[in-house]
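Some notes on the structure that comes next.
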Amino acid sequence: MDCQNVVQLDCLDDDEAWTLFEKKAGLDDFSDDSIKILANQIAKKCGGLPIAIVPLGSALKGKTHHEWQAAYRRLKDRRLTEIEDVNEENAYVCLEASIDYLKNMETKTCFLLCSLFPEDDEIYVENLVGYAWGLELYKGMDSIKDVRSEVLASIETLKNSGLLLDCGERHVKMHDVVRQFSLWIASSRKEISFGTVETLPMDESFKHYTAISFETDQTDELPKGVGFPYLKLLLLRSFMKTSSEFFEGMKALQVCALNRQLISLAAFKFHMNLRTLCLFGCQLSDISMLGKLKSLHILSLSRSDIIELPTEAGDLENLRLLDLSYCDDLRRIAPSLIQRLSSLEELYLHGCSSLKWATENSAKRESYSSLSELNLLPKLVVISLDISSKHLPDGFVFRRLWSFDFCIGIKRGSFPISRSLRINKSVDACKQLFEDVESLLLNGVEGHPNLIPSLDLGFSKLISLHLRGCKSMKCLIDASKQKVPMAAFSNLRKLSLSDMFDLEEMCNVPLPQGFLQKLEEVIVSDCDKMPELFPIAELRSIEQEGPSCYLSLQNLKIIKIERCNNLKYIFPMSVANSLGQLHTLKIKSCWRLEGIIQDSQVPYISLQSLRKIKVKNCDNLKYLFPLSVANSLGQLQTLKIESCSQLQEIIQGREVLTSMAQGLPQLSVVELINLSQLKGNDRNDIVLTSLSLHMLKVRDCPQLTPFIVSTNIQVLEFSEMTEKKQISNVTVPERRGGTSTSTQYLTISNFEELFEYSGYNLSSPKDLRLYKLTELRVIWSAPIQVEHFQNLTHLTLKDCRRLRYIFSPTIARNLPQLFMLDISNCEELEQIIEKDQTSSQHHFQPICFPKLRWITIWMCENLKCLFPITLAHGSLQKLVFLFVSGVSKLEQVFEGDETNVSKDEEKVIHLPQLRCLKLIRLPNSVSFSPVGYHFVFPYLTDLGVKGCPNITTRFSVDSEKSVHAKTQASQSVDEIIVEESATAKETAWPIGSDIDWSISFEN
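Each residue of the sequence shown is one higher than the last, beginning at 0 in numbering that gives the first Met the number 0.
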């Protein structure tokens, strides 16, 4: 057994390690000095390993001085000579001490059981419950429900000690170092002997083990005739060949869990101690032998190929848990079989899409079990079931259960949820379960004007509620005619309402005392009759006297509202000041919405946790927030507003200090789209001048200019900004302390000349996107400092029809990070790089794009060339993709003066990284480059030339698979169409012909 793999662990320095240990051990400045001295020594023994610090610190929390001394002695004297790595030794010693401090053997055994699962496996806690029951781990427990509670308590202890990691609903994980340590413990202590088999054949050391897990990837047949007289638990997760002989020597076997095996149930017929049998995803034979396994308490055939549960299964008189979940082929359970399982406590039938139940129309020869049999099992307390509503017998009602998960007429979309009902149409069969339900989904339920009191008086345990398309339901709680319990909806955390076209309100007066007090998430869509979302009414106190108290949403974190066309505002003033936990707000297509918060003169409202706002298609909204909210938006990170035709201001108010941008220190993303009335003013500039702003997207906001933005911005996108504005004075925000910050802000005053001043520091932008700026003539107009746009990586220009050139020579010389250039539909574009009007001798730095990898030019009809030939000389060494299409006047890709080229001397240029070259629909293209230039593309894998009839460049591929592009002199156009060159060994395509060529370099 190899449990000594070397694992690299990140270590903390001494200060970090002490801080973590101090926190986990609950130590502070007031702790006993003698304990802190010992604690410091123990922390040092952990060697900076968090995996040792966390469990050991947690284990010693609250211990006495004597216990600290004992722990230090144990760590100091321990010798683990078999472990070579000093860091792992420290970890193992500390982990061993943490295990020793666990209070009971049951928790320790749970910990060791987890090590039998594969590395990085997400361990399903329900599997541990089955194994613990089978091993009789928790003595004195008479029900699986009680054992589950004990296992969950042990799991919590192990998680709190840092020995297990939480990884989702009912799943845990074990750190690989902790797992290796656990296996070392399990194999080295006599009282516990667990282990894993990683290679075959097995050695003799496994014979004394009580628990074995097979983890080998080998497909060898498992050994026959090897006795395991002490083996109580066997886990086999990989596909291997098994036979009955393999199990014969396991006389003490109590738990067997096999995954994806071909197995005959006859293999277990002599195992009189077998209590838990799990055959996950197995192909079963001799299924009728099931009735012989009379000692079974837990049987799981989940995801197996079983078609029918044999009648012999009714002989399992001790069976307490039956799991047939996700048996897609299971069609039938014989009538009266279920009711014979008199000891059954838990039944799992979810995900059995083919299973049928008896109805009044069932033929006698194809009779099935009836749901009514479930109510005849006196100990049955847990059921998970998917069923069609047509299989519910007339008048049938499920009796009260401890846990349930029913999907009735609704396709299951998730794993089982405790105390969950998902019901389509009729709710009558589940009316006795409403008192305990925690998750409720009702779809298309009719005939109920409310939930309370029509369906239940309280729903006090309800955590999640989703109502969808329930016609005639006008409110959730009707308190007008009947007293409603104080606890109604008091535990509700998630509320979802969709297609509730008749719903008018949540609750009419008076409100229950605890109403929605724990609500965390609200999702509402297509509820057109609701004039308000949250009730304004006062809460009803128990005595009906004393000061008034309004609804509080102090736990609300997320709210999403869509297509609620009667809403005028989201939050009434009575609840606005309880929104301290709200972090996400999304509103879409609420046509009558006038405000998010009801208008009021309250001086201050706190939205201190709000991080994300998205508002779209709210045409009656004139402002987003009242002034009273503005100074509480310190956590806001994302603001997106789109298609709100009346929106004039983001923050309402006559006076907004420009320094308020300092109050938005986290704002990083702003999108303003199709806001025809949004004006550029101080109240709106506060969201654009935040120094933390990294991405700004502005589209079709014609009245916004002039405005200012922070020069810290990294992604800048402007689109459809067509209205011209004269340069006007714009107030520049002040720093705290009143100092000028004009160089930190960029003024956008019109969209003819975008960056028109040289006084800004524009080194931050990385991504510039300009779309449909029909008035844009110049992007950079003034002298630009060298450091400007040093970090620009992506430039995208689309539909900028009046733009004549993109880069000035100065800008082109200072784009060392440019990665992608994407230009399309720029009708008047004549040059990508403006021709230098000054003598080239004045420029010591040549134009160079050292990191440019991607160039796309599309539908720019006045462009005659892309780049000067000088740029190809060592300045495009990283270019990977070049696509040119629909550029009707393009004559050359690379332009140069042919008179300077010697007829006898050919200039060779390599583009060593180019993988894809596409030249499409270029009717006037004469050549790829001037005559006398020879381009070589050694790694080109995709060449496309189409619709270029006048091109004189000859493309060929040589024996080394390098592609060549050589422009022919006029007299050589009529050369042979396809030729084999004996010297160069080239294959050439006919000049002017279409080319569609690709090749792979994988080999």
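Even glycine gets a Cβ: it sits at the ideal position worked out from N, Cα and C.
Values in this document were obtained by computation on a predicted structure and should not be read as measured data.
Taking 7 angstroms as the cut-off, decide whether the C-beta atoms of residue i and residue j are in contact.
{"i": "Leu1004", "j": "His787", "result": "It is not possible to answer for residue 1004, since the shown part of the chain is limited to 0 through 1002."}
{"i": "Asp285", "j": "Ser263", "result": "yes"}
{"i": "Lys528", "j": "Glu561", "result": "no"}
{"i": "Ile122", "j": "Val171", "result": "yes"}
{"i": "Ser997", "j": "Asp941", "result": "yes"}
{"i": "Arg319", "j": "Ser335", "result": "no"}
{"i": "Leu354", "j": "Leu321", "result": "no"}
{"i": "Ala24", "j": "Lys60", "result": "yes"}
{"i": "Arg776", "j": "Arg801", "result": "yes"}
{"i": "His693", "j": "Gln713", "result": "yes"}
{"i": "Ile831", "j": "Ile805", "result": "yes"}
{"i": "Leu862", "j": "Leu820", "result": "no"}
{"i": "Leu796", "j": "Cys825", "result": "yes"}
{"i": "Phe706", "j": "Ile747", "result": "yes"}
Could you please give the first and the last residue of the uninterrupted beta strand (DSSP E) stretch that includes residue i?
{"i": "Thr1033", "result": "It is not possible to answer for residue 1033, since the shown part of the chain is limited to 0 through 1002."}
{"i": "Glu149", "result": "Segment 143-159 is the alpha helix (DSSP H) holding Glu149; no beta strand (DSSP E) there."}
{"i": "Asp322", "result": "320-322"}
{"i": "Met694", "result": "694-698"}
{"i": "Trp996", "result": "994-997"}
{"i": "Val777", "result": "777-779"}
{"i": "Ser709", "result": "706-709"}
{"i": "Leu295", "result": "Element bounds for Leu295: n/a, residue is neither H nor E."}
{"i": "Phe754", "result": "752-754"}
Taking the alpha helix (DSSP H) that residue i falls in, what are its first and last residues?
{"i": "Pro54", "result": "49-59"}
{"i": "Glu104", "result": "Sequence check: residue 104 is Met here, not Glu. From DSSP, the alpha helix (DSSP H) with Met104 extends over 104-113."}
{"i": "Trp132", "result": "124-133"}
{"i": "Ala16", "result": "13-23"}
{"i": "Asn1007", "result": "With the chain covering 0 to 1002 only, the question about residue 1007 has no answer from this structure."}
{"i": "Val574", "result": "572-575"}
Classify residue i: buried if its beta carbon has 16 or more other beta carbons within 10 angstroms, exposed otherwise.
{"i": "Ala152", "result": "exposed"}
{"i": "Gln840", "result": "With a pLDDT of 47 at Gln840, under the threshold of 50, the modelled position of that residue is not reliable, and the figure given next carries that caveat. Flag for Gln840 reads exposed."}
{"i": "Lys44", "result": "buried"}
{"i": "Ser739", "result": "Low confidence applies here, because Ser739 scores a pLDDT of 44, under 50, leaving its location unreliable and the question unanswered by this model."}
{"i": "Asp455", "result": "buried"}
{"i": "Ile778", "result": "buried"}
{"i": "Asp385", "result": "buried"}
{"i": "Pro511", "result": "buried"}
{"i": "Phe269", "result": "exposed"}
{"i": "Thr218", "result": "Unreliable positioning characterises Thr218 in this predicted model, as indicated by a pLDDT of 49, which lies under 50. A coordinate reading is not provided."}
{"i": "Glu894", "result": "buried"}
{"i": "Cys474", "result": "buried"}
{"i": "His207", "result": "exposed"}
{"i": "Gly737", "result": "In this predicted model, Gly737 has a pLDDT of only 47, less than 50, meaning its place in the structure is not dependable; the value taken from the coordinates is given anyway. When all chains shown are included, Gly737 counts as exposed."}
{"i": "Glu15", "result": "exposed"}
{"i": "Ser980", "result": "Because Ser980 sits at a pLDDT of 43, beneath the cut-off of 50, its placement in the model cannot be relied upon, and the point is left open."}
{"i": "Gly931", "result": "buried"}
{"i": "Glu985", "result": "buried"}
{"i": "Ile306", "result": "exposed"}
{"i": "Asp766", "result": "buried"}
{"i": "Arg734", "result": "Caution applies to Arg734, whose pLDDT of 45 falls short of 50 and renders its modelled position unreliable; the model cannot decide the point."}
{"i": "Lys293", "result": "exposed"}
{"i": "Pro49", "result": "buried"}
{"i": "Ile726", "result": "Caution applies to Ile726, whose pLDDT of 40 falls short of 50 and renders its modelled position unreliable; the value that the coordinates give is listed next. It counts as exposed."}
Counting only runs of 3+ residues fully inside the region 933-970, write out the beta strand (DSSP E) ranges in chain order. 941-945, 952-956, 962-966
Review point. Counting pairs of Cβ atoms below 8 angstroms between the region 507-517 and the region 551-568, do you hit three or more?
Key: yes
Taking one C-beta from the region 440-459 and one from the region 377-397 each time, how about it: are there three or more such pairs within less than 8 angstroms? no
(request) May I have a chain-ordered list of the beta strand (DSSP E) segments no shorter than 3 residues that lie completely inside the region 821-895? (result) 830-832, 853-857, 864-867, 880-884, 891-894
**Q.** Cβ contact check for the region 942-956 and the region 922-932: 3 or more pairs under 8 angstroms
**A.** yes
Practice task
At 4 residues or longer, and completely inside the region 606-676: list those alpha helix (DSSP H) runs for me, N to C.
Solution key: 626-629
State whether the region 603-619 contacts the region 573-580, with contact taken as three or more CB pairs (one from each stretch) at a distance under 8 angstroms.
yes
Three or more beta-carbon pairs under 8 angstroms between the region 129-145 and the region 156-169, yes or no? no
Unbroken beta strand (DSSP E) runs of length 3 or more, entirely within the region 308-389: which are they? 320-322, 345-348, 381-386
Point to revise | Segment contact, 8 angstroms Cβ cut-off, at least three pairs: the region 144-162 with the region 274-281 | key: no
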